[in-house]
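Engineer:
In the working numbering, the protein residues as written are 103 to 294.
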(Lines of atoms letter the chains of each structure in order from A; the text may use other names.)
(Lines give C-alpha, C1' and ligand atoms only; values in the text may rest on other atoms or scores of the structure.)
Protein backbone atom coordinates (compact mmCIF):
# COMPACT_ATOMS: atom_id res chain seq x y z
CA UNK A 103 0.00 0.00 0.00
CA UNK A 104 1.31 3.48 -0.87
CA UNK A 105 1.89 6.12 1.75
CA UNK A 106 -0.03 8.50 -0.49
CA UNK A 107 -3.28 6.59 0.00
CA UNK A 108 -3.04 6.49 3.78
CA UNK A 109 -4.76 9.59 5.22
CA UNK A 110 -2.94 9.17 8.53
CA UNK A 111 0.51 9.33 6.95
CA UNK A 112 2.96 11.94 8.19
CA UNK A 113 3.26 13.69 4.83
CA UNK A 114 -0.49 14.37 4.77
CA UNK A 115 -0.59 15.78 8.28
CA UNK A 116 2.52 17.86 7.76
CA UNK A 117 1.15 19.29 4.51
CA UNK A 118 -2.12 20.13 6.29
CA UNK A 119 -0.11 21.85 9.01
CA UNK A 120 1.81 23.97 6.48
CA UNK A 121 -1.35 24.80 4.53
CA UNK A 122 -3.05 25.91 7.75
CA UNK A 123 0.03 27.87 8.77
CA UNK A 124 0.27 29.61 5.40
CA UNK A 125 -3.43 30.52 5.51
CA UNK A 126 -3.06 32.03 8.98
CA UNK A 127 0.03 33.93 7.83
CA UNK A 128 -1.83 35.26 4.78
CA UNK A 129 -4.80 36.23 6.97
CA UNK A 130 -2.43 38.18 9.22
CA UNK A 131 -0.95 39.97 6.19
CA UNK A 132 -4.44 40.73 4.86
CA UNK A 133 -5.48 42.09 8.26
CA UNK A 134 -2.40 44.33 8.46
CA UNK A 135 -2.83 45.82 4.97
CA UNK A 136 -4.92 48.90 5.91
CA UNK A 137 -2.82 49.66 9.01
CA UNK A 138 0.08 51.43 7.28
CA UNK A 139 1.43 53.33 10.29
CA UNK A 140 1.41 50.29 12.59
CA UNK A 141 3.19 48.17 9.98
CA UNK A 142 5.98 50.71 9.54
CA UNK A 143 6.32 51.19 13.32
CA UNK A 144 6.79 47.42 13.64
CA UNK A 145 9.49 47.49 10.96
CA UNK A 146 11.17 50.48 12.62
CA UNK A 147 11.23 48.60 15.94
CA UNK A 148 12.83 45.60 14.21
CA UNK A 149 15.39 47.92 12.62
CA UNK A 150 16.09 49.55 15.99
CA UNK A 151 16.67 46.13 17.59
CA UNK A 152 19.00 45.24 14.71
CA UNK A 153 20.95 48.51 15.06
CA UNK A 154 21.24 48.00 18.83
CA UNK A 155 22.77 44.56 18.25
CA UNK A 156 25.23 46.03 15.72
CA UNK A 157 26.24 48.80 18.13
CA UNK A 158 26.48 46.53 21.18
CA UNK A 159 28.54 43.83 19.43
CA UNK A 160 30.58 46.33 17.37
CA UNK A 161 30.32 44.12 14.31
CA UNK A 162 28.14 42.81 11.50
CA UNK A 163 28.99 45.81 9.33
CA UNK A 164 28.79 43.80 6.10
CA UNK A 165 25.27 42.70 7.03
CA UNK A 166 24.36 46.31 7.80
CA UNK A 167 25.86 47.50 4.51
CA UNK A 168 23.97 44.83 2.55
CA UNK A 169 20.74 45.81 4.30
CA UNK A 170 21.35 49.48 3.46
CA UNK A 171 21.99 48.69 -0.21
CA UNK A 172 18.82 46.59 -0.31
CA UNK A 173 16.82 49.43 1.28
CA UNK A 174 18.25 51.86 -1.29
CA UNK A 175 17.31 49.54 -4.14
CA UNK A 176 13.75 49.23 -2.85
CA UNK A 177 13.47 52.99 -2.26
CA UNK A 178 14.41 53.67 -5.88
CA UNK A 179 11.82 51.14 -7.06
CA UNK A 180 9.26 52.77 -4.76
CA UNK A 181 9.95 56.24 -6.18
CA UNK A 182 9.99 55.13 -9.83
CA UNK A 183 6.84 54.91 -11.96
CA UNK A 184 5.73 51.48 -13.12
CA UNK A 185 5.95 52.56 -16.74
CA UNK A 186 9.17 54.51 -17.17
CA UNK A 187 8.49 57.73 -19.14
CA UNK A 188 12.02 57.56 -20.58
CA UNK A 189 10.84 54.70 -22.80
CA UNK A 190 8.37 57.05 -24.48
CA UNK A 191 10.83 59.92 -24.79
CA UNK A 192 10.94 59.92 -28.59
CA UNK A 193 10.36 62.90 -30.86
CA UNK A 194 6.61 63.51 -30.43
CA UNK A 195 5.87 59.79 -30.52
CA UNK A 196 3.76 57.82 -28.09
CA UNK A 197 2.12 58.89 -24.86
CA UNK A 198 3.84 61.07 -22.30
CA UNK A 199 3.09 62.42 -18.86
CA UNK A 200 0.96 65.56 -18.77
CA UNK A 201 2.95 68.79 -18.95
CA UNK A 202 0.07 71.25 -18.65
CA UNK A 203 -3.27 71.45 -16.89
CA UNK A 204 -5.32 70.72 -20.01
CA UNK A 205 -3.61 67.39 -20.77
CA UNK A 206 -4.90 63.99 -19.73
CA UNK A 207 -4.59 63.14 -16.02
CA UNK A 208 -2.68 59.94 -15.26
CA UNK A 209 -2.21 58.75 -11.69
CA UNK A 210 1.24 57.83 -10.45
CA UNK A 211 1.56 54.05 -10.25
CA UNK A 212 4.65 52.84 -8.43
CA UNK A 213 6.94 50.12 -9.70
CA UNK A 214 7.08 48.80 -6.12
CA UNK A 215 3.79 49.27 -4.20
CA UNK A 216 3.91 50.40 -0.57
CA UNK A 217 2.80 47.06 0.86
CA UNK A 218 5.48 45.12 -1.04
CA UNK A 219 8.02 47.76 0.01
CA UNK A 220 7.05 47.30 3.66
CA UNK A 221 6.94 43.50 3.41
CA UNK A 222 10.34 43.26 1.73
CA UNK A 223 11.85 45.72 4.22
CA UNK A 224 10.50 43.76 7.17
CA UNK A 225 11.71 40.41 5.84
CA UNK A 226 15.15 41.85 5.02
CA UNK A 227 15.44 43.41 8.48
CA UNK A 228 14.37 40.15 10.11
CA UNK A 229 16.92 38.16 8.10
CA UNK A 230 19.62 40.70 9.01
CA UNK A 231 18.63 40.48 12.67
CA UNK A 232 18.88 36.68 12.53
CA UNK A 233 22.32 36.99 10.89
CA UNK A 234 23.56 38.89 13.95
CA UNK A 235 23.15 35.70 16.00
CA UNK A 236 25.74 33.84 13.91
CA UNK A 237 29.41 34.65 14.26
CA UNK A 238 30.30 33.63 10.68
CA UNK A 239 28.29 36.66 9.46
CA UNK A 240 30.56 38.96 11.48
CA UNK A 241 33.23 39.57 8.86
CA UNK A 242 35.86 42.06 10.09
CA UNK A 243 35.94 45.17 7.89
CA UNK A 244 36.87 48.82 8.30
CA UNK A 245 33.36 50.22 8.65
CA UNK A 246 34.05 53.94 7.88
CA UNK A 247 34.90 53.00 4.28
CA UNK A 248 31.61 51.11 3.94
CA UNK A 249 29.73 54.05 5.43
CA UNK A 250 31.43 56.55 3.12
CA UNK A 251 30.81 54.36 0.09
CA UNK A 252 27.13 53.98 1.04
CA UNK A 253 26.69 57.75 1.50
CA UNK A 254 28.31 58.44 -1.89
CA UNK A 255 26.18 55.76 -3.55
CA UNK A 256 23.03 57.13 -1.90
CA UNK A 257 23.76 60.72 -3.00
CA UNK A 258 24.55 59.76 -6.60
CA UNK A 259 21.50 57.51 -6.88
CA UNK A 260 19.10 60.03 -5.35
CA UNK A 261 20.51 62.83 -7.51
CA UNK A 262 19.83 60.73 -10.60
CA UNK A 263 16.31 59.89 -9.35
CA UNK A 264 15.47 63.53 -8.59
CA UNK A 265 16.69 64.57 -12.05
CA UNK A 266 14.47 61.88 -13.55
CA UNK A 267 11.50 63.18 -11.53
CA UNK A 268 12.13 66.76 -12.65
CA UNK A 269 12.69 65.83 -16.29
CA UNK A 270 9.45 63.83 -16.60
CA UNK A 271 7.42 65.97 -14.15
CA UNK A 272 6.10 63.38 -11.74
CA UNK A 273 5.76 63.32 -7.97
CA UNK A 274 5.81 59.93 -6.23
CA UNK A 275 3.88 61.24 -3.23
CA UNK A 276 0.39 62.70 -2.89
CA UNK A 277 1.15 65.71 -0.70
CA UNK A 278 1.37 68.92 -2.72
CA UNK A 279 -0.32 67.51 -5.81
CA UNK A 280 -3.25 69.21 -7.48
CA UNK A 281 -6.52 67.59 -6.53
CA UNK A 282 -9.08 67.34 -9.28
CA UNK A 283 -12.68 67.66 -8.20
CA UNK A 284 -15.88 67.53 -10.16
CA UNK A 285 -18.51 70.23 -10.28
CA UNK A 286 -20.53 70.78 -7.16
CA UNK A 287 -23.78 68.83 -7.18
CA UNK A 288 -26.59 71.29 -6.50
CA UNK A 289 -29.28 68.65 -6.71
CA UNK A 290 -31.10 70.47 -9.51
CA UNK A 291 -32.19 68.42 -12.48
CA UNK A 292 -32.40 70.11 -15.86
CA UNK A 293 -34.93 68.69 -18.29
CA UNK A 294 -35.21 69.98 -21.83
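All residues carry an ideal CB built from backbone N, CA and C; glycine is no exception. It should be emphasised that the depicted structure is a prediction, and the values quoted were computed from it without experimental measurement.
Less than 8 Å between the beta carbons of residue 220 and residue 122, yes or no?
Structural biologist: no
Engineer: DSSP three-state label for residue 84, please.
Structural biologist: No answer is possible for residue 84: it lies beyond the span of the chain, which begins at 103 and ends at 294.
Engineer: Does DSSP classify residue 212 as helix, strand or coil?
Structural biologist: strand
Engineer: Less than 6 Å between C-beta atoms, sequence neighbours within five positions excluded: which residues of the same chain meet that for residue 182?
Structural biologist: Cβ neighbours of residue 182 within its own chain (closer than 6 Å, five residues either side excluded): 213.
Engineer: Hey, could you find the ends of the alpha helix (DSSP H) residue 266 is sitting in?
Structural biologist: 245-270
Engineer: Between the C-alpha atoms of residue 176 and residue 293, what's the straight-line distance to the nearest angstrom?
Structural biologist: Annotation: residue 176 to residue 293 spans about 55 Å, alpha carbon to alpha carbon.
Engineer: Between residue 161 and the rest of its own chain, which residues show a CB-CB distance below 7 Å, the 5 nearest in sequence each way excluded?
Structural biologist: 240
Engineer: Which first and last residues belong to the alpha helix (DSSP H) in which residue 146 is found?
Structural biologist: 138-159
Engineer: Residue 152 and residue 227 - do their beta-carbons sit closer together than 8 Å?
Structural biologist: yes
Engineer: Can you list, in chain order, the residues of its chain with a C-beta nearer than 6 Å to that of residue 166? Leave out the 5 residues immediately preceding and following it.
Structural biologist: 156
Engineer: Around the C-beta of residue 154, are 16 or more other C-beta atoms found within 10 angstroms, so that it is buried, or is it exposed?
Structural biologist: exposed
Engineer: Where residue 217 and residue 232 are concerned, what is the direct C-alpha to C-alpha distance, given to the nearest angstrom?
Structural biologist: 22 Å
Engineer: Expressed to the nearest angstrom, what Euclidean distance is found between the alpha-carbon atoms of residue 236 and residue 140?
Structural biologist: 29 Å
Engineer: Which class does residue 236 belong to by DSSP, given the choice of helix, strand or coil?
Structural biologist: coil
Engineer: Pick out whichever of 290, 266, 116 has its Cα sitting closest to the Cα of residue 188.
Structural biologist: 266
Engineer: Is it buried or exposed, residue 149, if we count other Cβ atoms within 10 angstroms and call 16 or more buried?
Structural biologist: buried
Engineer: Return the CA-CA distance between residue 273 and residue 136, expressed in angstroms with no decimal places.
Structural biologist: 23 Å
Engineer: Just the Cα atoms here: how many angstroms apart are residue 262 and residue 269?
Structural biologist: 10 Å
Engineer: Give the secondary structure of residue 241 by DSSP, where H, G and I count as helix, E and B as strand, and everything else as coil.
Structural biologist: Correct three-state label for residue 241: coil.
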